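Participant: Each protein sequence line maps, in turn, to chains A and B. When the letters of the first sequence are read in order and numbered with my numbering, they come out as residues 1472 to 2040. When the letters of the second sequence are read in order and numbered with my numbering, they come out as residues 73 to 486. Just so you know, even glycine gets a beta-carbon here, dropped at the ideal spot from N, CA and C. Because the structure is a prediction, the values reported are computed rather than measured. First the structure, then my questions, so here it is.
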Amino acid sequence: MVDIKKIKRKLVKAGYPLIEASLKNGSVVLSGELEDYEGILECGTIAVCKESRGVVNDIRLKGYAPEKMRICPVEDKAYDGESPDVLVIGGGIVGAAIARELTKYALTVTVLEKEYDIATGQSARNDGMIHAGIDLKPSSIKVKYNARGNAMYPRISKELDVPIEMCGQCVLYTKRWQKLLFPFIKARGAKNNIPVEKLGPEEVKKYVPEPGIKYGGFMCPSAGILSPYQMTVAFMENAVNNGAVLHTDTAVTGIDNDGEKITAVRTNRGTFYPKAVVNAAGIYSDVIAEWAGDRHFTIHPRRGVEAVLDKKAKKATSAVIGKFVIKSSTGKGHTKGGGVIVTVDGNILLGPSAKETPERENEATVPEEFEEMIAKQFKLAPKLKRSDIITYFAGTRAATYEEEFVVEKSPVVRNFVQAAGIQSPGVTAAPAIAEDVGKWVAEIVFGSDVKYNTNFDPIRKRIPKPSEMLPEERKKLIAEDPDYGVVICRCEEVTKGEIKEALRRPASVPAVDAVKRRVRAGMGRCQGGFCSPLVMKIISEECGIPLDKVRKKGAGSEIAFRYTKGGDR
Amino acid sequence: MRYAAIVIGGGPAGMAAACAVKESEKVLIIEREARLGGILKQCVHDGFGVIRFGEKLSGPEYADRFIDEVYSRKNIDVRTLTFVTDIEKRNGYFVVTTTSGKGIVSYEGENLILANGCRERTARQVNIHGTRPAGLMTAGTAQNLVNLMGIMPAKRCVILGSGDIGLIMARRLTLEGAEVVGVYEAKATPSGLQRNLQQCLYDFGIPVSLKKTVTLVHGRDRVEGVTVSDVDDDMRPISGTEEYIPCDALIVSVGLIPENELAENLGVPIDPRTKGPVVDQYMMTAVDGVYSVGNALHVHDLVDYVSEVAETAGKDVGRRKSRASIEVTQKGFAYLVPQRIDAANVEKETTFYFRASHDTERAKLTVTINGKTAVTKKYSMLKPPEAVRVKLALPVKAGDDVKFVLEDDDDGNV
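Dropping the structure here:
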């Protein structure tokens, strides 16, 4: 039983006497207006209690007009009247994993992605860790899905031909006394079935040749890394090959509910009439939940910035380096403190930072947040140089006040399943979440008589990568298709053959950044300075798009305005 | 078959080096692009060749003279659309493995001439924050789009950096119908050649703002504007001076970085000042048989000198029997090339290139050998963007202590 009075008392005590708290749909709803965003966050945190379904924080920020959801300017009826068995809202790693899982059933599956491509939000803007889960609260939803997902990845990696590396995570103590806590860490590991190894100051050097902090630490060998956008693309390609349909540039604008179930989902491209709806809408998942008729949580965006370092810098570490952070109970400091990660592609990644922001879709980097982040991470591996940084990016994670995933078959809306509020360790958890979502959707659509897709093929082959092949293999590939011998992106040694194949794949998008995420053209030290004109030309030729209409990303990102000599050609 | 020299990069440096090798020796040029010429292919402006040919040529015209020479020479083989994936040093020769549409092919060469040019520093590499939309690009990429691809990447643009490519693009985009709002430079003085400032900016009324930089890029799909700020003497933005400038493109010309990943893999020591290899007067690096020329060695102002330096390397192929390199001590320069002298093969005159570390009205160059002054030279109006070429008679012997000092010369007469 939720004690609303107690929550109100707490709010008054914290200095928020004007904030209203009430109980609705099993959740605590806060309303009112405050002048600072921190106050809104504080109220949301105060309102968290085990007995409720969550906190719906409707406190307005004075003078702040919430940003409008970014929607592709296209408005037509292209998909009007489509009635798939299941509609998945969101083409991030969670939506893509769910789409693939759903194709294992005899279901028609459609995925809606509001952006021009899949994996453009959090799924492309995280560090790609397969978490061991040592820092997660025992018995949380997060730890449960994390453990299952972690165990699933070796098989998924084989099926989808996406490399993972179980390199382990080396957590460094920041204070000498922290080593005294090792028995507790070990005990927590045992409880969550996570192996932990003690590392003395010398043993650390096995993984981190020159650690910045010399008090030793511990090793979680079950941690690993993967490329989160490559994995998302692989999930989606396999889903599409198994019959799923992907509509990009398609944003949900409203949902009709007849009181017990969803009847229609409205978008900028027409209205859909699905039997079941899955909410995998990431940073907007609370908005989708509200429209669907079962809002019981609030997303408060948390921005993180990460820096990418030149591959030359990789000798600094072999494992992921993390810093031991004792979480405070005040609700602040919700990050593992980030780390130093060698990606599967051989770059070093530093970050992320964590900054609460009311803006869901602002992915601009901010100098202060960046400087603070790199100063912190450079301490872990002092050999790294600032001049090794080749780029940096920011993303916003979909945090709830409970700091918990919302993975459930809605108890309120009969045909609605939620995979919402997914932040770290979302990449790790995605395949496990997908399994459960698949079961629930099958129950909704089939009842007790679940039908499977007997033609489901779990295998997807990655785009051939000559730079990683043995000479004989490479020769054979070039003999079959000479384009695999022609290097376009010199920094990452990406060939014309790979770029053309990326454009022919299911779920492909003819945009420079979409090609980049699929084959890494433009991800090296020159950041596409040399290859972007060539990539544009290949997109133009391969997809029949005039050169002056080739885009970097979605609508409105055409790289050129016109031909210099006028006219079309 | 083993080549006397394998030249990596078919731009102006690589071609000049190849053509300078004696005709009795076999040379191979490996070029990753479809045609020889390197970055000159996109430099349609004029001003090339004044020193070398005594006339003003466009980049493609300058390149053509060398391309014609390369293809007329029976001792030079060319492989285009061919990319070096690996270089292995064996006993006395190198094995260069390449990929191309024809497959994986390895070539053997007694010497290597690295002429693989430089890359541009990007906006993120000079601390520009904000978004990463279409319309944010380096000047070289913009130049490629306009001059090679024939498309216009800007209608109203801001240019950051007063390096030569930035200045040339300011003019080029203006001529193609774009509005160049202004050129911003974080330093207190422009980085480009004086003639480019005059011909590309002043003649077109394009304003230059010094001690200002772009700090933020705005716009998610397309550049919508940039924030510029004043900077302090350490080039850090000063808060409170921000100004928003609406534009649809930000073109950055903020420096060139010699490309030396291949050299580093061969163990070639790099000079942190030039970011290119340490070389002797024949452009040979500290690794025997490996030469470095062109903008991979150091970023040149003029292609005429690129050709000249590269020819020094080409002529040297297969010529020297023994070497005795000594390091030159240098003080007061932004950089000095060569950084070593092969004392066993000193000719009557040795050519040096240097850049001053700051603007100086009067400066004095002193070279001492074992503490004794060998040469002094006086200069007026030295500026870091304008490299100085000087021929010096230095009778250096093995084991000598050679010191180059450049200092302000306050009361001297020039």
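(1) How is residue 1858/A classed by DSSP in three states: helix, strand or coil?
(2) Using C-beta distances below 8 Å, list every residue in its chain close to residue 1961/A, excluding the 5 sequence neighbours before and after it, in chain order.
(3) Establish whether the CB of residue 176/B and some CB of chain A are separated by less than 8 Å.
(4) Would you mind giving the Cβ-Cβ distance between residue 1633/A and residue 1717/A, rounded to the nearest angstrom? I have them listed as a contact below 8 Å.
(5) Excluding five sequence neighbours on each side, which residues of the same chain lie with their C-beta closer than 7 Å to the C-beta of residue 265/B?
(6) Please list the segments of the alpha helix (DSSP H) lying wholly inside the stretch 1827 to 1896 of chain A, counting only runs of 4 or more residues, in order along the chain.
(7) What are the start and end residues of the beta strand (DSSP E) that includes residue 74/B?
(8) Check whether the Cβ of residue 172/B lies closer than 8 Å to any Cβ atom in chain A.
(9) Under 8 Å, CB to CB, which of the residues in the stretch 206 to 236 of chain B have a partner in chain A?
(10) In the stretch 1956 to 2021 of chain A, which residue ranges form an unbroken alpha helix (DSSP H) of at least 4 residues, counting only runs that do not cross its ends?
(11) Of all the residues that make up the stretch 1974 to 2005 of chain A, which are near chain E by a beta-carbon distance shorter than 8 Å?
(12) Residue 1949/A and residue 1751/A look like a contact to me (Cβ under 8 Å); what is the Cβ gap, rounded to whole Å?
(13) Taking all protein chains shown into account, do 16 or more other C-beta atoms lie within 10 angstroms of the C-beta of residue 1648/A, making it buried, or fewer, making it exposed?
(14) Between residue 1512/A and residue 1911/A, what straight-line distance do the alpha-carbon atoms span, to the nearest angstrom?
(15) Can you tell me where the alpha helix (DSSP H) holding residue 1735/A begins and where it ends?
(16) Name the residue from 1819/A, 1776/A and 1783/A whose alpha carbon lies nearest to the alpha carbon of residue 1790/A.
(17) What separation, rounded to the nearest whole angstrom, lies between the Cα atoms of residue 1539/A and residue 1700/A?
(18) Any residues in the stretch 2007 to 2026 of chain A with a beta carbon nearer than 8 Å to a beta carbon of chain B? Which ones, in chain order?
(19) Using a Cβ-Cβ cut-off of less than 8 Å, give me the residues of the stretch 1937 to 1957 of chain A that come near chain B, in sequence order.
(20) From 115/B, 408/B and 435/B, pick the residue whose C-alpha is nearest to that of residue 28/B; which is it?
(21) So, using beta-carbon positions, are residue 1869/A and residue 1834/A closer together than 8 Å?
(22) Is residue 316/B helix, strand or coil by DSSP?
(23) I need the DSSP call for residue 2043/A, collapsed to helix, strand or coil.
(24) Between residue 220/B and the rest of its own chain, which residues show a CB-CB distance below 6 Å, the 5 nearest in sequence each way excluded?
(25) Can you give the beta carbon distance from residue 1599/A to residue 175/B, rounded, assuming they're within the 8 Å contact cut?
(26) Where do the N-terminal and C-terminal ends of the beta strand (DSSP E) with residue 158/B fall, by residue?
(27) Using a beta-carbon distance below 8 Å, is residue 1803/A in contact with chain B?
(28) What does the alpha-carbon distance come out to for the pair residue 1755/A and residue 1691/A?
(29) For residue 1824/A, would you say it is in contact with chain B, using Cβ-to-Cβ distances shorter than 8 Å as the test?
(30) Can you find a C-beta in chain B that's less than 8 Å from the C-beta of residue 2048/A?
(31) Just to make sure I have the definition right: I need the residues of chain A whose C-beta is within less than 8 Å of the C-beta of residue 287/B. Which are they?
(32) Assign residue 1506/A to one of three DSSP states: helix, strand, or coil.
(33) To the nearest angstrom, how far is the alpha carbon of residue 1623/A from that of residue 1858/A?
(34) Starting from the beta carbon of residue 194/B, find every residue of chain A whose beta carbon is closer than 8 Å, and list them in chain order.
(35) Run through DSSP, which three-state label would residue 272/B get?
(36) Could you check the C-alpha separation between residue 169/B and residue 161/B for me, to the nearest Å?
Facilitator: Straight from the coordinates:
(1) On the first sequence, residue 1858/A is found 387 positions in, with the first residue counted as 1. It is helical.
(2) Taking the first sequence and counting its residues from 1, the one referred to as residue 1961/A is at position 490. Excluding sequence neighbours, residue 1961/A sits near 1995, 1997, 2001 and 2002.
(3) Your numbering for residue 176/B matches position 104 in the second sequence. For residue 176/B, the answer is yes, since a Cβ of chain A falls inside 8 Å of its Cβ.
(4) Residue numbering aside, residue 1633/A sits at position 162 when the first sequence is read from its first letter. Residue numbering aside, residue 1717/A sits at position 246 when the first sequence is read from its first letter. Contact doesn't hold; Cβ gap of about 18 Å is too wide.
(5) Here residue 265/B is taken as the residue at index 193 of the second sequence, counted from 1. Answer for residue 265/B: 236, 373, 457 and 458, listed in chain order.
(6) 1838 to 1851
(7) Taking the first residue of the second sequence as 1, we reach residue 74/B at position 2. Residue 74/B -> beta strand (DSSP E) spans 74 to 80.
(8) Residue 172/B sits at position 100 when you count from the first residue of the second sequence. Answer yes: the Cβ-Cβ gap between residue 172/B and chain A drops below 8 Å somewhere.
(9) 206, 207, 209, 210, 212, 213, 216, 217, 218, 220, 221, 222, 223, 224, 225, 226 and 227
(10) 1967 to 1975, 1983 to 1990 and 2003 to 2014
(11) Given the protein chain composition of this structure (A and B), no chain E is represented.
(12) On the first sequence, position 478 is the one that residue 1949/A refers to. On the first sequence, position 280 is the one that residue 1751/A refers to. Incorrect: roughly 40 Å between the Cβ atoms, too far for contact.
(13) Residue numbering aside, residue 1648/A sits at position 177 when the first sequence is read from its first letter. Classification of residue 1648/A: exposed, given that the 10 Å Cβ count is below 16.
(14) Numbered from its first residue, the first sequence carries residue 1512/A at position 41. Numbered from its first residue, the first sequence carries residue 1911/A at position 440. Each residue's Cα considered, the two are about 33 Å apart.
(15) On the first sequence, position 264 is the one that residue 1735/A refers to. Where residue 1735/A is concerned, there is no enclosing alpha helix (DSSP H), although the beta strand (DSSP E) it sits in stretches over 1733 to 1738.
(16) Sequence index remark: in the first sequence, residue 1790/A carries index 319 (1-based). When only C-alpha atoms are compared, the closest one is 1819/A.
(17) To locate residue 1539/A, count along the first sequence from 1; it is residue 68. To locate residue 1700/A, count along the first sequence from 1; it is residue 229. Answer to the nearest angstrom: the Cα atoms are 26 Å apart.
(18) 2007, 2008, 2018, 2019, 2022, 2023, 2024, 2025 and 2026
(19) 1937, 1938, 1942, 1945, 1946, 1949, 1950, 1953, 1954, 1956 and 1957
(20) Look at the range of chain B in this structure, 73 to 486, and you will see that residue 28/B is not part of it.
(21) Looking up residue 1869/A in the first sequence gives position 398. Looking up residue 1834/A in the first sequence gives position 363. Not in contact: residue 1869/A and residue 1834/A (Cβ atoms no closer than 8 Å).
(22) The residue you call residue 316/B lines up with position 244 of the second sequence. Residue state, collapsed to three classes: strand.
(23) With chain A covering only 1472 through 2040, there is no way to say anything about residue 2043/A.
(24) Position 148 of the second sequence, counted from the start, is the residue given in the question as residue 220/B. Hits under 6 Å: 114.
(25) As a first step, residue 1599/A is located in the first sequence; it is residue number 128 there, counting from the start. As a first step, residue 175/B is located in the second sequence; it is residue number 103 there, counting from the start. Contact flag wrong, Cβ pair sits at about 34 Å.
(26) Stepping through the second sequence from its first residue, residue 158/B is reached at position 86. Note, residue 158/B: beta strand (DSSP E), 155 to 161.
(27) By one-based count along the first sequence, residue 1803/A stands at place 332. Unreliable placement is indicated for residue 1803/A, whose pLDDT of 42 sits below 50; no coordinate value is reported for it.
(28) Position 284 of the first sequence, counting from 1, holds the residue named residue 1755/A. Position 220 of the first sequence, counting from 1, holds the residue named residue 1691/A. Whole-angstrom Cα-Cα distance: 33 Å.
(29) As a position in the first sequence, residue 1824/A is number 353, starting the count at 1. Taking Cβ atoms only, chain B never reaches closer than 8 Å to residue 1824/A, which makes this a no.
(30) No answer is possible for residue 2048/A: it lies beyond the span of chain A, which begins at 1472 and ends at 2040.
(31) Start at 1 with the first residue of the second sequence, and residue 287/B comes out as number 215. 1838, listed in chain order.
(32) Residue numbering aside, residue 1506/A sits at position 35 when the first sequence is read from its first letter. Here residue 1506/A sits in coil by DSSP.
(33) Start at 1 with the first residue of the first sequence, and residue 1623/A comes out as number 152. Start at 1 with the first residue of the first sequence, and residue 1858/A comes out as number 387. So the alpha carbons of these two residues sit roughly 38 Å apart.
(34) In the second sequence, residue 194/B corresponds to position 122, counting from 1. The answer, in chain order, is 1861, 1862, 1997, 1998 and 2000.
(35) Looking up residue 272/B in the second sequence gives position 200. DSSP places residue 272/B in helix when its eight states are reduced to three.
(36) For the purposes of this step, residue 169/B is taken as residue 97 along the second sequence, with counting starting at 1. For the purposes of this step, residue 161/B is taken as residue 89 along the second sequence, with counting starting at 1. Answer to the nearest angstrom: the Cα atoms are 11 Å apart.
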